[in-house]
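Engineer: Take any residue in the sequence shown, note its place counting from 1, add 2, and you have its number in the numbering used here. Supplied in structure tokens, the structure appears directly below.
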Amino acid sequence: MQKDVGKFGISDKRGRVKTSSDPYIPEAALPEPAICGGCNALYRNRRWQIDAAAAEKASADSDVSHVTCPACRKIAERYAEGVITLSGNYLWNHEKEIRNILRNEENRAMAKNPLQRIIRMEREGDSLIIETTEEKLAEHLGRTLNRAHQGELSVTWSDQHSLCRVSWERDQ
Ligand SMILES: [Zn+2]
């Protein structure tokens, strides 16, 4: 299924528990407050947030639960919902710049929703492969890159919208 039109923004869920089935989002609510030992994200009011001051304050609370957030679990287990494949000579001539764009966008996405992360970004043969914890982040990264460095972009969703595959190519 091809989805190549329309406006796309960073997930509007803003860290809230997803309604679609995601095996890493528990059905039962987590105890609150909870802090992720991996990334220090704080879970409160049924949402995850990156807030160092609030996390520090919550840490002092003896009722705080220490957990591993869904994003850190997906990263540890390499469970990707989004896969981006970049290729072409232009990519390798602008590799550093392109990697920076992707990392900056990841940081912006994380500030809004800490569950949106890059799992890995590695060269495989002539392609640069980026895996993401959430499918929408893959689409967002692909579209952001394509706005900055126009190439051939393709975004494909699985039928259940549980996996997003993005490919981008530019030769010169
Ligand atoms: Zn975490």
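We put the beta carbon where it would ideally sit given N, CA and C, even for glycine.
1) With 16 as the cutoff for other CB atoms within 10 Å, does Ala62 come out buried or exposed?
2) Taking the straight line between their C-alpha atoms, what separation do you get for Leu155 and Tyr26?
3) With distances taken from CA atoms, which of Ala57, Arg172, His163 is nearest Val85?
4) Does DSSP classify Cys38 as helix, strand or coil?
5) Output the residue ranges of the alpha helix (DSSP H) runs that lie fully inside the segment 84 to 138 and measure 4 residues or longer, sorted by chain position.
6) If you measure between the beta carbons of Glu83 and Leu32, is that distance less than 8 angstroms?
7) Count the other C-beta atoms from every protein chain shown that fall within 10 angstroms of the C-beta of Ser160, then say buried if there are 16 or more, exposed otherwise.
8) Just the Cα atoms here: how many angstroms apart are Arg149 and Glu97?
9) Within 10 angstroms of its Cβ, does Gln152 collect 16 or more other Cβ (buried), or is it exposed?
10) For Leu165, which of helix, strand or coil comes out of DSSP?
11) Below 8 angstroms on the Cβ atoms is my contact criterion, and I expect Gln174 with Asn109 to pass it. Report the Cβ-Cβ distance as a whole number of Å.
12) Do Asp128 and Ser89 come within 8 angstroms of each other at the CB atom, strictly closer than that value?
13) First and last residue of the alpha helix (DSSP H) that includes Arg75?
Structural biologist: Looking at the coordinates:
1) Along the sequence shown, read from residue 1 onward, the residue named residue 62 stands at position 60. By the neighbour-count rule (16 or more Cβ atoms within 10 Å), Ala62 is not buried but exposed.
2) What you label residue 155 is simply residue 153 of the sequence shown in a count that begins at 1. What you label residue 26 is simply residue 24 of the sequence shown in a count that begins at 1. So the alpha carbons of these two residues sit roughly 29 angstroms apart.
3) As a working mapping, residue 85 is identified with position 83 in the sequence shown. Per the Cα distances, His163.
4) Residue 38 sits at position 36 when you count from the first residue of the sequence shown. Cys38: strand per DSSP, three-state reduction.
5) List check, alpha helix (DSSP H) in window: 91 to 95, 97 to 114.
6) As a working note, residue 83 is residue 81 in the sequence shown. As a working note, residue 32 is residue 30 in the sequence shown. Not in contact: Glu83 and Leu32 (Cβ atoms no closer than 8 angstroms).
7) To locate residue 160, count along the sequence shown from 1; it is residue 158. Result: exposed.
8) Counting from one through the sequence shown, the residue named residue 149 turns up at place 147. Counting from one through the sequence shown, the residue named residue 97 turns up at place 95. Rounded to the nearest angstrom, the two C-alpha atoms are 16 angstroms apart.
9) Residue numbering aside, residue 152 sits at position 150 when the sequence shown is read from its first letter. Burial call: exposed.
10) On the sequence shown, position 163 is the one that residue 165 refers to. If DSSP states are grouped into helix, strand and coil, Leu165 belongs with coil.
11) Counting from one through the sequence shown, the residue named residue 174 turns up at place 172. Counting from one through the sequence shown, the residue named residue 109 turns up at place 107. Not a contact, Cβ separation roughly 30 angstroms.
12) In the sequence shown, the residue the question calls residue 89 occupies position 87. In the sequence shown, the residue the question calls residue 128 occupies position 126. Against a cut-off of 8 angstroms, the Cβ pair of Asp128 and Ser89 comes out as a contact.
13) Within the sequence shown, residue 75 is the residue found at index 73, counting from 1. Its alpha helix (DSSP H) spans residues 72 to 79.
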